[in-house]
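In what follows, a single structure is set out as structure tokens and then discussed.
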């Protein structure tokens with residue numbers, strides 16, 4: 130029996146063109162009725178799609194109509210249903226960020242790639258790092274720091290010289306951004322169940338912002354991060370082109 134497919138596309142012209150082509154071929158249904166969601170765009174649009182559909186237990190198959198397309202499959206209009214029937218699934222758990230501002234208000238957000246703290250002004254940030262209630266670093270002087278999931282380890286984390294993590298591994302990457310002191314500290318690999326807390330030191334002199342997949346909170350004084358086990362994002366990939374293969378390939382280029 131043919132699967133019910135929904136189509137979502139970014140506003141980019143080539144994504145809209147792909148949407149028009151597939152709409153004529155597959156008779157799409159609304160997202161809430163779909164068995165598979167087709168996302169047309171780049172990695173940013175895939176993240177938007179996963180966040181928007183996290184209340185559904187529906188896998189997402191992306192086709193790259195953007196630039197990098199790490200989370201996407203190659204664009205091809207022909208043979209879509211056959212590709213979906215053969216696709217492999219990867220399951221991703223997001224991070225939950227709880228950010229407290231200097232005025233005492235609190236914001237929460239989910240991140241599929243990473244939660245990052247970044248200096249907000251000219252002065253370097255000073256951060257205290259506490260993991261599972263135990264202080265691990267009393268002062269990190271840096272441009273910022275981040276907690277990355279395996280799926281996000283090839284994104285901002287990798288650009289900051291953090292490790293690439295295998296998909297499915299029960300670990301997170303804690304990576305500094307331009308660490309000044311301790312100068313040689315390159316970060317840490319943490320168990321996935323870790324609860325990480327960042328305290329911002331001297332927040333008036335050295336303001337810091339927190340970011341969860343590009344959703345930002347300014348003037349934070351404390352940020353708590355943990356993995357969310359009860360939310361599972363399901364991504365579909367063509368055989369031989371899944372996230373595990375891409376993660377390995379990224380390390381040899």
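In the numbering used here, the protein residues as written are 130 to 382. From the three backbone atoms N, C-alpha and C, an ideal C-beta is built for every residue, glycine too. Note that this is a predicted model, so its numbers are computed, not measured.
- Cβ contact annotation for residue 273 (same chain, cutoff 7 Å, sequence separation greater than five): 245, 246, 247, 248, 254 and 306, in chain order.
- Assignment of residue 201 by DSSP, reduced to helix, strand and coil, places it in the coil class.
- In this chain, the alpha helix (DSSP H) harbouring residue 154 covers 142-155.
- According to DSSP, residue pairing for residue 344 in a beta bridge involves 341.
- Buried is the label assigned to residue 362, since at least 16 other Cβ atoms lie within 10 Å of its Cβ.
- When secondary structure is reduced to three states using DSSP, residue 304 falls in the strand class.
- If you draw a 10 Å sphere on the C-beta of residue 222, you find 16 or more other C-beta atoms in it, and that means buried.
- Look at residue 296 here: in three-state DSSP terms it is coil, with no helix or strand label.
- Here the region 336-355 makes contact with the region 222-231; the two share three or more CB pairs at distances below 8 Å.
- The region 298-314 and the region 275-289 touch, with no fewer than 3 CB-CB distances between them shorter than 8 Å.
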